[in-house]
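So the protein sequences, as listed, match chains R, G and P. FYI, the numbering for the first sequence is 14 to 194, going by the working numbering. FYI, the numbering for the second sequence is 2 to 428, going by the working numbering. FYI, the numbering for the third sequence is 1295 to 1402, going by the working numbering. Reviewing the structure listed below.
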Amino acid sequence: MNFLALTTSTADWSAAAGVTLFYLFAALSVVSALSVAVSKNIVRAAVGLLMSLLGVAGLYFLLHAEFLAAVQLVVYAGGTLILIVFGIMLTSKSPFSHYEPKTREVVIAIGVGMVLLAAIVGAILSGPFAVVGVETEGYPITQLGQALLGDYLVPFELASVLLLAVMIGAAYLAKSRRRES
Amino acid sequence: MRALLFPQWDGLWVVLAWNALLVGVFVGIVSVVGMMSIWAERKLAGHMQSRLGPNRVGPVGLLQSLADGLKLMLKEDLIPQGADRLLFRLAPYLSFIPPFVALIVLPFGPQFVYESRLSVGLFWILAILSVEIMGVILAGWASNNKWSIYGAMREACQMVSYEIPLGLSIIVAVAAAGTLNLVELGHLQSGGLHTWLIFRNPFVFMAFFVYFVASLASNKRAPFDLPESESELVAGFHTEYSGMRFAFFFFAEYTAVFVVSAIQVALFLGGWNDPFGLLGQWYRHAAAAPRGMEIFWINVVAAAIFSAKTTLIVFVQMWLRWTLPRPRIDQVLYACVKVLLPMSCVLLLGGVLWEYFVPSRLGAPWFNYQPWNVYQWWKLAPGSLLTQGLLSLIGLGVVLWLTAAMLHAAITGRGLQKRLTDPEPLG
Amino acid sequence: MEIYLHHYLIVAAALFVCGLCTILVKRNAIGILLGVELILNAANVNLVAFNHFSHGGTLAAPRLDGQIFALFVIVLAAAEAAVALAIFLNFYNNFSTIDVERANNLKG
């Protein structure tokens, strides 16, 4: 990219900034996901997942899905991940114990992963996906609220009933049984 | 702002330089807020405990924070032996970045916002403050110290539980306002004291206090400062941190206090507006034919008012810290789940029903309607006018009473200069 | 240079494969849960990317179906993580280990 030529027009450099940010967030997500798969310490894997979630939230911001990015940060990074880290702390005998997988399993896993990646990327590159984003001024929040309580009311209510069932079930399952059997 | 002040400069390098300047301003804000908060905390603590605070370094001890910063920079950087080195190093940054990033949407003035186009501004602050919890947990875990882990787990429980009343009370105010964008919220409250969101309906009035208590717990501020309870856990989750890493946690805490107080001011207490609506009227006249320098000065006055109100809320938080005792963790969670959560659910229901049944003035004052035209309000929306008038009178009465009490104490007590410099405590 | 749809799809595919490898390799049950979360995130990125690049609405009123789908996926992922952790805690209480290789009572 010719940076000096970009000093003249406003529109060009904002597109360049968008591209740079995309590669930054994409690299953050993928490298952190790799660290989740590779690291032997489970707490480091959880931190890798946190970084991956932050990268994905950045990608949502680039796709103009601002509300979804904020929901991802609140629910996933600030809720589910905290839950997972609590689970790690409650189920680990010593903070640094780790379990080694057998070498044969690792080789098979990497092989399957590579084959799947090649297949999916091949399918993507040979499909009609080299399109430019449709112009939007951003997705208005009011439209999201109206869709959730309008077209998608039944899934919304079902999701709340499901969350209630999950709360009751999880609380019952995790309760410590003091009865002698 | 840049387009208003320097319309003839454009291009990549200008934008980069401007953004670098703004980042410098934000770093300055964080540093000054941190330093002044630490000084104010120690002075307040001193005076509330009938002693002077720091008074050696600088005029009233004002340079004490600089001396503390110098000391922290020169300390030995220690990583405990069994600690996880990567996570130990990562935790202060994970704790510091969210409050710093939350500063980008704070509306210091109608144009003094770093990013004003974010349509979910308020929700973004809430979201990014949730990431801070992870920093605290990692700090406790990576220290390889059981007191740190206790502090971290208590902290995570408390912060995550108190996010629910926090979010619900914000929703009550947002339902009354109709927008999540902080700049628009500021414009909505520019007509005078009675247009401030806290006086919009009685449910928002109570939601302000629910939000205040929930924000105290969310910042691990007293009386909810179990994670760093000085008398129980040495220093809680940041026991093993020393030197600049500890300074990062301190900056993170005071910046988070500033950010949360700024949200309260922007959402409930009128943002950058004065109680008489003068700034709103000035802005309306200036916005008709915008000139760079006039808009700049409007924004400077607005930023001063905003910072003054935020400082007032921070002062109240510090006041509470040195006044109230500390509850246990089960009492803290009881207060959240059995008191604040049902209260905020009821307030949400009431607030939404109020917005549905009671007609009110919509739009920005001075632009869409005249906020001081009582006759028009009475004809169109008498219910909301009565409520807003009554609540504003109550709020004004409380503020006047507090001011009178403080003046009385200052006049009938010892003089201010004598009180600040006399080494003998009050008998 | 522009960012096309296939850039986002390739990122999602990479996340998916990393999640799959995590599920296959980890012996800690919570590690498997981390892999499942990665896979769900990959699916979400796909949904939101497709929504942005071809939503079929107009400039002023774009459609949000992909984002709403992704919202429900996030909600359900949180619910599923809660139940999974409750099950793992039960497993840990009964077998005093979180290693999934030891969950072989029904084997043979």
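C-beta: ideal position from N, C-alpha, C; glycine also. All values derive from a computational prediction rather than experimental measurement.
- Following the DSSP letters along the chain, one finds D69 (chain G) inside the alpha helix (DSSP H) bounded by residues Q65 to L75.
- A direct Cα-Cα distance of roughly 8 Å separates T196 (chain G) from P372 (chain G).
- Under the rule that a run must span 4 or more residues, the alpha helix (DSSP H) segments found entirely inside the region 86 to 135 of chain R read 94 to 103.
- Cβ-Cβ separation between N145 (chain G) and P81 (chain G): approximately 6 Å, consistent with a contact (criterion under 8 Å).
- Under the Cβ criterion of 9 Å, I95 (chain R) is counted among the residues facing chain G.
- Along the region 315 to 355 of chain G, the alpha helix (DSSP H) occurs as fully enclosed runs of 4 or more residues at 330 to 335, listed in sequence order.
- Using a Cβ-Cβ cut-off of 7 Å, L86 (chain R) is close to A128, I129, S131 and V132 of chain G, given in chain order.
- Annotated as proximal: A50 (chain R) and T1316 (chain P), with beta-carbon spacing under 9 Å.
- Contact check for W273 (chain G) against I306 (chain G) passes: the beta carbons are separated by less than 9 Å.
- Interface flag for N1399 (chain P) against chain R is unset, since no Cβ pair is found closer than 9 Å.
- E77 (chain G) has a beta carbon lying at 9 Å or more from every beta carbon in chain R.
- Distance from the CA atom of V121 (chain G) to the CA atom of P153 (chain R), rounded to whole angstroms, is 9 Å.
- A contact is defined here as three or more CB-CB pairs under 8 Å, and the region 199 to 217 of chain G meets this definition with respect to the region 161 to 180 of chain G.
- When beta bridges are read from the DSSP output, P366 (chain G) appears opposite G:Y370.
- Taking a Cβ-Cβ threshold of 8 Å, the residues of chain R close to A1375 (chain P) are T93, L96 and I97, in chain order.
- CA-to-CA, the gap between E1395 (chain P) and A40 (chain R) works out to about 33 Å.
- What P153 (chain R) touches in chain G, judged by beta-carbon distance under 8 Å, is S120, going in chain order.
- Taking 4 residues as the shortest admissible run, the region 256 to 311 of chain G contains the following complete alpha helix (DSSP H) segments, listed from N- to C-terminal end: 279 to 289.
- Of all C-beta pairs linking the region 276 to 284 of chain G to the region 360 to 368 of chain G, three or more are shorter than 8 Å, placing the two stretches in contact.
- Inter-residue distance for A289 (chain G) and I296 (chain G) is about 11 Å (C-alpha atoms, whole angstroms).
- The three-state secondary structure of D1393 (chain P), taken from DSSP, is strand.
- At a cut-off of 9 Å between C-beta atoms, A1323 (chain P) counts as an interface residue with respect to chain R.
- Within the model, the alpha-carbon separation for L53 (chain G) versus G158 (chain R) is close to 54 Å.
- N1345 (chain P) is classed as buried because its beta carbon has at least 16 other beta carbons within 10 Å across all chains shown.
- The residues R1321, in chain order, have a CB closer than 6 Å to that of D1393 (chain P) in the same chain once the five nearest residues on each side in sequence are set aside.
- By the rule that beta-carbons nearer than 9 Å mark a contact, A1380 (chain P) touches chain R.
- L103 (chain R) reaches chain P at L1383 and Y1386, counting residues in chain order whose Cβ is nearer than 8 Å.
- Under the three-state reduction of DSSP, N1335 (chain P) is assigned to helix.
- I101 (chain R) and H1300 (chain P) do not touch by the CB rule: their CB atoms are close to 36 Å apart, not below 8 Å.
- Residues are counted here when their Cβ sits less than 8 Å from a Cβ of chain R; for the region 1326 to 1353 of chain P these are L1327, L1328, G1329, E1331, L1332, N1335, N1338, V1339, V1342, A1343, N1345, H1346, F1347, S1348, H1349 and L1353, given in chain order.
- Residues of the region 137 to 151 of chain G that bring their beta carbon within less than 9 Å of a beta carbon in chain R comprise I138, L139, W142, A143, N145 and I150, in sequence order.
- For Y163 (chain G), the enclosing alpha helix (DSSP H) stretches over residues K147 to A178.
- Where R86 (chain G) is concerned, the enclosing alpha helix (DSSP H) starts and stops at R86 to A103.
- At a Cβ-Cβ threshold of 9 Å, L63 (chain G) and W40 (chain G) count as neighbours.
- When the five nearest sequence neighbours on each side are left out, the beta carbons in the same chain lying within less than 8 Å of the beta carbon of F169 (chain R) are those of L161 and L162, in order along the chain.
- Going by DSSP, R3 (chain G) is part of the alpha helix (DSSP H) stretching over R3 to L6.
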